[in-house]
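In the order they appear, the protein sequences are chains A and B.
If you use the numbering used here, the first sequence closes out at 142, no skipped numbers anywhere.
If you use the numbering used here, the second sequence closes out at 169, no skipped numbers anywhere.
Shown next, in C-alpha cells, is the structure this report addresses.
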Amino acid sequence: AQTIHQWPVAEIKAVGSPLSLGCTIKGKSSPNLYWYWQATGGTLQQLFYSITVGQVESVVQLNLSASRPKDDQFILSTEKLLLSHSGFYLCALTGGENTLYFGAGTRLSVL
Amino acid sequence: AEKVIQVWSTASRQEGEELTLDCSYETSQVLYHLFWYKHLLSGEMVFLIRQTSSSTAKERSGRYSVVFQKSLKSISLIISALQPDDSGKYFCALWEPRTGGYKVVFGSGTRLLVSP
Chain A
32 AQTIHQWPVA EIKAVGSPLS LGCTIKGKSS PNLYWYWQAT GGTLQQLFYS
82 ITVGQVESVV QLNLSASRPK DDQFILSTEK LLLSHSGFYL CALTGGENTL
132 YFGAGTRLSV L
Chain B
54 AEKVIQVWST ASRQEGEELT LDCSYETSQV LYHLFWYKHL LSGEMVFLIR
104 QTSSSTAKER SGRYSVVFQK SLKSISLIIS ALQPDDSGKY FCALWEPRTG
154 GYKVVFGSGT RLLVSP
C-alpha cells in the first residue's frame with residue numbers, strides 16, 4: 032500500500048518569510064499528485080496537481096508555487112508568506128475512481 | 054471496498070423549500086467520518102457539515118443538518134429554507150483514517166438548482 036509522508040508536521044513562520052513544504056510518496060510509481068489547502072472551517076481547495084516529473088498545473092492563484100523534482104516528491108513553496116497562507120496543507124494522490132489518499136498534513140501558522 | 058453512492062445526479066427546488074440529499078456508503082472501518090461539501094466553480098470544496106461514526110449527536114450547522122443512519126450506512130444532508138445561492142454541486146465524502154493520513158472517497162455528486 033502507498034504511503035504519503037509530509038514534512039514538516041507544523042510550521043510557525045513570519046509574514047514575508049519563505050516556505051517549503053514537502054511530500055514523499057512510497058509504494059506507488061508515477062502517481063498523480065495534488066496539493067490541497069484546508070481552511071480552518073474544513074473547506075478544501077485544490078492548489079496544484081502534477082501527473083509527471085517536472086510538470087505542475089496550478090488550479091488557483093495564491094502566491095504559491097509547486098514543483099515535482101522526482102517521481103515520488105512534490106514540493107510546495109513560496110518566497111514570501113502572507114497571513115492568508117495560514118491553514119492546513121494536504122498532499123494527496125489518486126487511488127481509483129473518486130478516491131484520494133491524503134497525507135497527515137502540515138499545519139502552517141503565519142504570524 | 055470503500056464506496057460512496059449519491060443516487061440523484063440532479064435535483065431542483067423552489068426558494069424557501071427544504072431539500073434532502075441522500076448518500077450511502079460502504080466501509081469496513083469502525084472509525085470514519087462523513088463530510089458534505091459544496092463544490093464551487095473555482096474548484097473549492099466548501100465544507101458544510103461532518104458526521105463522525107462514533108457520534109450519536111444530531112449534527113447541525115446553520116441551515117444544514119444530517120440524518121445519520123449508521124446501521125444502514127446512510128447519511129442524508131438536509132438544507133432548509135433554500136436560497137438561489139444554494140445552487141451548485143454537493144458531494145458526500147467518506148474519510149477513513151489510515152497510517153499517516155486518510156483515504157477519502159467522494160460520491161459522484163448531486164447538482165442542485167434552486168429557482169427564485
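Just so you know, even glycine gets a beta-carbon here, dropped at the ideal spot from N, CA and C.
Note that this is a predicted model, so its numbers are computed, not measured.
Nearest-angstrom Cα separation, counted from residue j out to residue i
{"i": "residue 41 (chain A)", "j": "residue 67 (chain B)", "result": "45 Å"}
{"i": "residue 62 (chain B)", "j": "residue 74 (chain B)", "result": "10 Å"}
{"i": "residue 155 (chain B)", "j": "residue 163 (chain B)", "result": "24 Å"}
{"i": "residue 38 (chain A)", "j": "residue 54 (chain A)", "result": "6 Å"}
{"i": "residue 104 (chain B)", "j": "residue 78 (chain B)", "result": "13 Å"}
{"i": "residue 66 (chain A)", "j": "residue 70 (chain B)", "result": "37 Å"}
{"i": "residue 103 (chain A)", "j": "residue 119 (chain B)", "result": "39 Å"}
{"i": "residue 130 (chain B)", "j": "residue 109 (chain B)", "result": "16 Å"}
{"i": "residue 139 (chain A)", "j": "residue 142 (chain B)", "result": "29 Å"}
{"i": "residue 49 (chain A)", "j": "residue 127 (chain B)", "result": "45 Å"}
{"i": "residue 34 (chain B)", "j": "residue 108 (chain A)", "result": "Outside the displayed range of chain B (54 to 169) lies residue 34 (chain B), so it cannot be described from this structure."}
{"i": "residue 169 (chain A)", "j": "residue 72 (chain B)", "result": "The structure shown has nothing for residue 169 (chain A), since chain A only spans 32 to 142."}
{"i": "residue 94 (chain B)", "j": "residue 116 (chain A)", "result": "21 Å"}
{"i": "residue 90 (chain B)", "j": "residue 74 (chain A)", "result": "8 Å"}
7 Å Cβ shell around residue i - same chain, five flanking residues per side excluded
{"i": "residue 159 (chain B)", "result": "57, 144, 146"}
{"i": "residue 59 (chain A)", "result": "33, 124"}
Chain B within 8 Å of residue i, Cβ atoms only
{"i": "residue 34 (chain A)", "result": "yes"}
{"i": "residue 135 (chain A)", "result": "yes"}
{"i": "residue 130 (chain A)", "result": "yes"}
{"i": "residue 126 (chain A)", "result": "yes"}
Own chain residues within Cβ distance below 8 Å of residue i, not counting five before or after
{"i": "residue 47 (chain A)", "result": "111, 112"}
{"i": "residue 148 (chain B)", "result": "85, 86, 87, 88, 155, 156, 157"}
{"i": "residue 45 (chain A)", "result": "112, 141, 142"}
{"i": "residue 92 (chain B)", "result": "98, 99, 141, 142, 143, 144, 162"}
Cβ-heavy atom distance, residue i to the ligand FMN, below 7 Å
{"i": "residue 130 (chain B)", "result": "Here there are no bound small molecules, and the ligand FMN is not part of this structure."}
Pair within 8 Å by beta-carbon distance, residue i and residue j
{"i": "residue 78 (chain A)", "j": "residue 157 (chain B)", "result": "no"}
{"i": "residue 136 (chain B)", "j": "residue 167 (chain B)", "result": "yes"}
{"i": "residue 82 (chain A)", "j": "residue 63 (chain A)", "result": "yes"}
{"i": "residue 87 (chain A)", "j": "residue 101 (chain A)", "result": "no"}
{"i": "residue 114 (chain B)", "j": "residue 125 (chain B)", "result": "no"}
{"i": "residue 80 (chain A)", "j": "residue 91 (chain A)", "result": "no"}
Minimum Cβ-Cβ distance from residue i to chain A less than 8 Å
{"i": "residue 119 (chain B)", "result": "no"}
{"i": "residue 126 (chain B)", "result": "no"}
{"i": "residue 115 (chain B)", "result": "no"}
{"i": "residue 96 (chain B)", "result": "yes"}
Cut-off 6 Å between Cβ atoms - residues of its own chain near residue i, not counting five sequence neighbours on either side
{"i": "residue 70 (chain A)", "result": "118"}
When Cβ atoms are compared, which residues of the segment 72 to 106 of chain A fall closer than 8 Å to chain B? Within the segment 72 to 106 of chain A, the residues whose Cβ lies closer than 8 Å to some Cβ of chain B are 72, 73, 74, 75, 76, 77, 90, 91, listed in chain order.
Near-chain A residues of the segment 98 to 112 of chain B (beta-carbon distance less than 8 Å), N- to C-terminal order: Listed by position, the residues of the segment 98 to 112 of chain B near chain A (Cβ gap below 8 Å) are 98, 99, 100, 103.
Report the residues of the segment 145 to 168 of chain B with a CB closer than 8 Å to any CB of chain A, ordered along the chain. Of all residues in the segment 145 to 168 of chain B, 151, 152, 153, 154, 155, 156, 157, 158, 159, 160, 161 have a Cβ within less than 8 Å of some Cβ in chain A.
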